[in-house]
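Below: one structure, written as structure tokens.
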Amino acid sequence: MRIFMSASSLPSLSQERTPILELEVLAEKAANAFRPFLGPEGFDLAQYRQFLNTMYHYTARSGEMIQHAGSKAHDEELKQFFKYMCNEEQGHYLLAKEDLKELGGEVSEEIPQSVQDFHHTWFSLGDTIYAYLGAIYVFENIAKHVQKEGKDLFARLNLNKKQRRWVAVHLEADLVHGDEIIDLCSRYFDNNPSACLEGGRAMCNCWINVFTHFGRA
66 MRIFMSASSL
76 PSLSQERTPI
86 LELEVLAEKA
96 ANAFRPFLGP
106 EGFDLAQYRQ
116 FLNTMYHYTA
126 RSGEMIQHAG
136 SKAHDEELKQ
146 FFKYMCNEEQ
156 GHYLLAKEDL
166 KELGGEVSEE
176 IPQSVQDFHH
186 TWFSLGDTIY
196 AYLGAIYVFE
206 NIAKHVQKEG
216 KDLFARLNLN
226 KKQRRWVAVH
236 LEADLVHGDE
246 IIDLCSRYFD
256 NNPSACLEGG
266 RAMCNCWINV
276 FTHFGRA
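In terms of the working numbering, the numbers along the sequence shown are unbroken and rise by one, the last being 282.
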């Protein structure tokens, strides 16, 4: 059973959020790599099925990956945040699988190389929690830049609700998660800016890599 937690469940969530410009730039850069695939010249139905397969593999290890990051947390607030994120991301890969099934597809046994690269990069970010804060900041702030394009994709491909759950959930939930990580990171960023930016750059590059190599094994 999936557990939902409100922003008020997070410790010390402040009312004012101060976005970190360098990380915002990286999130928008990542979104810009995704945007053309959502637009009028973007995914056809076969390519959308391929995208869902990639996202299944991309998010299949989310729980393990967030737990790995949370193991680097050095205070209670950070530990609670990563526990919360683990609950929030639980089962998202199954949405991609079910969407794909509704479209007559099945997930592949083979993991795309771009996903393998992503997993390797994540587990190689080092022993500091700050790299993971920067990484999550970028990931959770991509969706806000492609809200219109995502909804246009649903209409263009005539996707029903059972064929678009993975994208729809991330378009909505990541708006909340994006604000939450902005709040958290704004209070921790100055402790180790270089590590935060290193993690953000690494994850921006991983996301861009998915679309640079889209369609390849």
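Don't be surprised by glycine CBs; every beta carbon is placed ideally from N, CA and C.
Taking 7 angstroms as the limit between beta carbons, can you name the residues of its chain near residue i, skipping five residues before and five after?
i, result
"K148", "G135"
"R229", "D164, F219"
"E214", "R100, L103, G104"
"E205", "D239, H242, G243, I246"
If you follow the alpha helix (DSSP H) that residue i is part of, which residue opens it and which one closes it?
i, result
"H13", "Not covered by the structure: residue 13. The range shown for the chain is 66 to 282."
"V211", "Where V211 is concerned, there is no enclosing alpha helix (DSSP H), given that its DSSP letter is neither H nor E."
"T193", "Run containing T193: none; DSSP gives neither H nor E here."
"G170", "Note, G170: premise wrong, no alpha helix (DSSP H); not H, not E."
"P105", "Careful: P105 lies outside any alpha helix (DSSP H) and carries neither H nor E."
"H185", "178-187"
"I85", "No alpha helix (DSSP H) contains I85, which DSSP labels as neither H nor E."
"Q132", "127-135"
"L249", "230-253"
"N118", "110-124"
Take the Cβ of residue i as the centre, count every other Cβ of all protein chains shown within 10 Å, and call the residue buried at 16 or more, exposed below.
i, result
"T124", "buried"
"V275", "buried"
"A96", "buried"
"K162", "buried"
"H139", "exposed"
"V211", "buried"
"H185", "exposed"
"V90", "exposed"
"L190", "buried"
"S77", "A caution first: S77 carries a pLDDT of 47, below 50, which makes its placement in the model too unreliable to give a value."
"P177", "buried"
"E237", "exposed"
"A92", "buried"
State the Cα-Cα distance for the pair residue i and residue j, rounded to the nearest angstrom.
i, j, result
"E245", "N256", "18 angstroms"
"F102", "F108", "5 angstroms"
"F99", "A267", "16 angstroms"
"Y158", "Y121", "5 angstroms"
"V232", "K226", "10 angstroms"
"N118", "K166", "10 angstroms"
"T277", "C271", "10 angstroms"
"E142", "L160", "29 angstroms"
"I68", "G156", "With a pLDDT of only 31 at I68, under the threshold of 50, the placement of this residue in the model should not be trusted, and no figure is reported."
Contact check, residue i vs residue j under 8 angstroms by CB: the rounded distance?
i, j, result
"A196", "C151", "That belief does not hold up - the Cβ atoms of A196 and C151 are roughly 18 angstroms apart, past 8 angstroms."
"R82", "I247", "5 angstroms"
"H133", "F188", "6 angstroms"
"S127", "E154", "4 angstroms"
Is there a Cβ from chain D that is less than 8 angstroms from the Cβ of residue i?
i, result
"E87", "Among the chains of the structure shown, chain D does not appear; only one protein chain is present."
With a CB to CB cut of under 8 angstroms and the five nearest residues on each side skipped, what residues in its chain are close to residue i?
i, result
"P84", "I247, S251"
Just to confirm my understanding: we take residue i, look at its own chain, exclude 5 residues before and 5 after, and list those with CB closer than 6 angstroms. What are they?
i, result
"G170", "R114"
Could you check whether the Cβ of residue i sits closer than 7 angstroms to any heavy atom belonging to the ligand ATP?
i, result
"A96", "Ligands in the displayed structure: none, and consequently the ligand ATP is not present."
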